[in-house]
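Working notes, beginning with the structure itself.
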Amino acid sequence: MPVLPNIDEAVVETAKISDYLLSESHPQGSTKAQYFMRFGFDASRPEEFQAAIMLHAKHNEVTASERNRFGVKHVIEGPLETPDGRNPVVRSIWFIAENEAAPRLVTVVPIGSGRQ
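Mind the numbering: the sequence shown is residues -16 to 99 in this note's numbering, read in order.
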């Protein structure tokens, strides 16, 4: 499969990281936050996670794509470079809206047990 289209235009919003993926108080994000924090990420440094997820998208291929009336969803699976170097395998979901070029990060989820 190919790489994420328009990867150089990809958008990873800081709020997505600090208010969701690394937020221990978010109803759906808290378990993800606990997972990612085990690998050295911290809510006070969202730019570190931002950079890591961009590298994840650049270094791994798209494993699935699905078009709907709103645009195209792309799934990327592979290792995520982490501060502690254990680099767990994660799935990132990206969406390119109809009539737009930039992929936007939707979410990141762990694959497997997380005991890497």
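Backbone N, C-alpha and C define an ideal beta-carbon position, used for all residues, glycine too.
Rounded C-alpha distance that separates residue i from residue j
| i | j | result |
| --- | --- | --- |
| Ile0 | Lys41 | 18 Å |
| Val73 | Met37 | 13 Å |
| Ala85 | Phe78 | 8 Å |
| Pro(-15) | Leu4 | 26 Å |
| Val(-6) | Pro10 | 23 Å |
| Pro71 | Phe19 | 9 Å |
| Leu(-13) | Lys56 | 10 Å |
| Glu7 | Pro62 | 23 Å |
| Phe32 | Asn(-11) | 20 Å |
| Thr26 | Thr(-3) | Residue 26 is actually Ala in this sequence, not Thr. When rounded, the distance between both Cα atoms is 10 Å. |
| Gly68 | Ala35 | 12 Å |
| Arg87 | Pro29 | 16 Å |
| Asn60 | Ile94 | The residue you asked about is not Asn; residue 60 is Glu in the sequence shown. Rounded to whole angstroms, Glu60 to Ile94 spans 8 Å at the Cα level. |
6 Å Cβ shell around residue i - same chain, five flanking residues per side excluded
| i | result |
| --- | --- |
| Thr65 | Phe22, Gly23 |
| Val92 | Arg74 |
Residues near residue i by beta carbon distance below 7 Å, same chain, minus five either side
| i | result |
| --- | --- |
| Ala80 | Phe53, Gly54 |
Unbroken alpha helix (DSSP H) run spanning residue i, endpoints
| i | result |
| --- | --- |
| Thr14 | 13 to 20 |
| Arg78 | With the sequence shown as reference, residue 78 is identified as Phe, and Arg is not the correct amino acid for it. Unbroken run through Phe78 is the beta strand (DSSP E), 72 to 80; no alpha helix (DSSP H). |
| Arg10 | Strictly speaking, residue 10 in this sequence is Pro, with Arg absent from that position. Taken as a continuous stretch (DSSP letters only), Pro10 belongs to no alpha helix (DSSP H), as it is neither H nor E. |
Unbroken beta strand (DSSP E) run spanning residue i, endpoints
| i | result |
| --- | --- |
| Ala26 | Looking at the DSSP string, Ala26 is not in any beta strand (DSSP E), and its letter there is neither H nor E. |
| Leu88 | 87 to 93 |
| Asn43 | Asn43 -> no beta strand (DSSP E), and no H or E assigned at all. |
Chain-order list of residues whose beta-carbon lies under 8 Å from that of residue i (same chain, five-residue window excluded)
| i | result |
| --- | --- |
| Glu83 | Gly54 |
With three or more C-beta pairs closer than 8 Å as the rule, is the stretch 4 to 24 touching the stretch 41 to 51? no
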